[in-house]
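K.L.:
Pasting in a structure now, in structure tokens, and then I'll have a few things to ask.
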Amino acid sequence: MTDRLKETTIHAALAAAVTDVLESMFFIETFEESSESPEAPATEVEIRFDGDPPGRFQMRLAPEAAQCFAADFLGEDAGSVSERQSADVALELANMICGAVLSRLESSACFRLDSPRIVLAGGLAEAAEASRFTVETGNGRLTAAIQWGGRTCLATAEYVS
Amino acid sequence: MAYRVLITDDSPAMRSFVRRVIELSGFELSACFEASDGAEALAVLRTEWVDAILTDINMPGVDGEELLRRLAADEMLRGIPAIVISTDATPNRIERLMALGARGYVTKPFRPESLRAELERTLGAPCD
Chain W
154 MTDRLKETTI
164 HAALAAAVTD
174 VLESMFFIET
184 FEESSESPEA
194 PATEVEIRFD
204 GDPPGRFQMR
214 LAPEAAQCFA
224 ADFLGEDAGS
234 VSERQSADVA
244 LELANMICGA
254 VLSRLESSAC
264 FRLDSPRIVL
274 AGGLAEAAEA
284 SRFTVETGNG
294 RLTAAIQWGG
304 RTCLATAEYV
314 S
Chain R
6 MAYRVLITDD
16 SPAMRSFVRR
26 VIELSGFELS
36 ACFEASDGAE
46 ALAVLRTEWV
56 DAILTDINMP
66 GVDGEELLRR
76 LAADEMLRGI
86 PAIVISTDAT
96 PNRIERLMAL
106 GARGYVTKPF
116 RPESLRAELE
126 RTLGAPCD
């Protein structure tokens, strides 16, 4: 599939998916960020998928943004959102963005997505610049990235609460 | 008329969101049940009557596809309309799930009014 798709198409699909999900489900207006300065510590989510070809989707979310998104999504005050709830919403957010990206890139293909999981921060740095998209949400940055091809090994940790 | 709805999704956050969106949209709910996978949904349906089922597809254990198969195979349950809520918007997948017995399909992300409209269309209730 990557042979048929230009990097600009992948970037456009990432941008459209992130914007659509945040506007539709979280009612958040975003602004694209050209630079991506590190914001540590951040929540990182990974979803591996099988298809033609396989790959992995990654999302990094600033902690303040993760808390605000969870509060919006669950209809609660940001101060009352637990770490577990914040992680659950981040996982669902990544799942929606990943599904939206893949549907946009290849509408006739079938991809099978693994369950999203929280991973140790740092894996996102491996993704190529053209296959990532960063937005400022008003409460910190969200970066989504997609990487095609063989499955590389990363140091990961299952989310346990 | 108020309706009884079952929401099946392995994400507690998503179940909570769907329930809240239905309530905020003005759709009248008399009862709302939740299940974290297909097996739990079938257990709920053994004791509670519902007017509609909203189900995710990718779930551990009994997933959404298997839930649709088991609903279709059950004389008592096959009449309950099931609406799939999924991130997968590919035509092949939608066609496959409708063939398995889904009566409606909502792609995530969705706007609240889209979910209400699909619920009302599936239940034959009037839209505003």
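If you read the sequences in order, they're chains W and R.
Sequential numbering from 154 applies to the first sequence in the working numbering.
Sequential numbering from 6 applies to the second sequence in the working numbering.
Backbone N, C-alpha and C fix where the C-beta goes; we use that ideal spot for every residue, glycine too.
Just so you know, these numbers come straight off a predicted model, no measurement behind them.
So which residues of chain W does Ala94(R) contact, with C-beta pairs closer than 7 Å?
P.N.:
Here the neighbours are Ser256.
K.L.:
I'd like to know whether the C-beta of Gln238(W) is nearer than 8 Å to at least one C-beta of chain R.
P.N.:
Yes - at least one Cβ of chain R is within 8 Å of the one on Gln238(W).
K.L.:
To the nearest angstrom, how far is it from the Cα of Arg285(W) to the Cα of Phe180(W)?
P.N.:
Taking the straight line joining both Cα atoms gives about 22 Å.
K.L.:
Answer with buried or exposed for Pro65(R), where buried requires no fewer than 16 other C-beta atoms within 10 angstroms of its C-beta.
P.N.:
That one is exposed.
K.L.:
Let's see if you can read the secondary structure: which residues bound the alpha helix (DSSP H) around Ser21(R)?
P.N.:
First-last of the alpha helix (DSSP H) with Ser21(R): Pro17 to Leu29.
K.L.:
What does Phe22(R) reach in chain W if we use C-beta pairs closer than 9 Å?
P.N.:
By Cβ distance, chain W contributes Met178, Phe226, Leu227, Gly228, Val242 and Glu245.
K.L.:
Are there 16 or more other CB atoms within 10 angstroms of the CB of Gly129(R), so buried, or fewer, so exposed?
P.N.:
Counting Cβ neighbours within 10 Å, Gly129(R) comes out exposed, since fewer than 16 surround it.
K.L.:
Going along chain R, which residues have a C-beta under 8 Å from Asp173(W)?
P.N.:
Within 8 Å Cβ-Cβ: Pro114.
K.L.:
Applying a beta-carbon distance threshold of less than 7 Å, which residues of chain C neighbour Gly252(W)?
P.N.:
No chain C is part of this structure, whose protein chains are labelled W and R.
K.L.:
Are any of the Cβ atoms in chain W nearer than 8 Å to that of Ala104(R)?
P.N.:
For Ala104(R), the answer is no, since every Cβ of chain W falls outside 8 Å of its Cβ.
K.L.:
Any chance the segment 242 to 262 of chain W sits against the segment 221 to 228 of chain W, with 3 or more Cβ pairs inside 8 Å?
P.N.:
Counting Cβ pairs under 8 Å, three or more are found: they touch.
K.L.:
Beta-carbon within less than 8 Å of Arg265(W)'s beta-carbon, same chain only, minus the 5 sequence neighbours each way: which residues are those?
P.N.:
Result list for Arg265(W): Phe202, Asp203 and Gly204, in chain order.
K.L.:
So for Val89(R), helix, strand or coil by DSSP?
P.N.:
Strand, per DSSP.
K.L.:
To test your reading of the DSSP string, which unbroken beta strand (DSSP E) runs of 3 or more residues are found completely within the segment 25 to 83 of chain R?
P.N.:
Segments of the beta strand (DSSP E) lying fully in the segment 25 to 83 of chain R: 34 to 40 and 57 to 60.
K.L.:
I need the straight-line Cα distance from Trp76(R) to Phe184(W), nearest angstrom please.
P.N.:
Here the sequence assigns Leu to residue 76(R), which means Trp is not the residue at that position. Answer to the nearest angstrom: the Cα atoms are 44 Å apart.
K.L.:
Span of the beta strand (DSSP E) holding Thr112(R)?
P.N.:
Thr112(R) -> beta strand (DSSP E) spans Gly109 to Thr112.
K.L.:
Is the shortest distance between the beta-carbon of Ala168(W) and the beta-carbons of chain R less than 8 Å?
P.N.:
Ala168(W) does not count as touching chain R.
K.L.:
Determine the DSSP secondary structure at Asp173(W), reduced to helix, strand or coil.
P.N.:
If DSSP states are grouped into helix, strand and coil, Asp173(W) belongs with the helices.
K.L.:
Leaving out five residues before and five after Arg24(R) in sequence, what residues of the same chain have Cβ atoms less than 7 Å from its Cβ?
P.N.:
Only Ile12 and Cys37 meet the Cβ criterion.
K.L.:
Ordered along the chain, which non-local residues of its own chain (more than five positions away) have a Cβ less than 7 Å from that of Cys132(R)?
P.N.:
In this predicted model, Cys132(R) has a pLDDT of only 49, less than 50, meaning its place in the structure is not dependable enough to derive any value.
K.L.:
Could you pull the start and end residues of the alpha helix (DSSP H) that Ser257(W) belongs to?
P.N.:
The residue you asked about is not Ser; residue 257(W) is Arg in the sequence shown. Segment Glu236 to Leu258, the alpha helix (DSSP H) holding Arg257(W).
K.L.:
For Leu266(W), decide whether its Cβ has a neighbour in chain R, counting only Cβ atoms nearer than 8 Å.
P.N.:
Closer than 8 Å: yes.
K.L.:
Between Thr296(W), Arg257(W), Met249(W) and Ile200(W), which has its C-alpha nearest Pro216(W)'s C-alpha?
P.N.:
Of the candidates Thr296(W), Arg257(W), Met249(W) and Ile200(W), the one whose C-alpha sits nearest the C-alpha of Pro216(W) is Thr296(W).
K.L.:
Does any residue of chain W bring its CB to less than 8 Å from the CB of Ser35(R)?
P.N.:
For Ser35(R), the answer is no, since every Cβ of chain W falls outside 8 Å of its Cβ.
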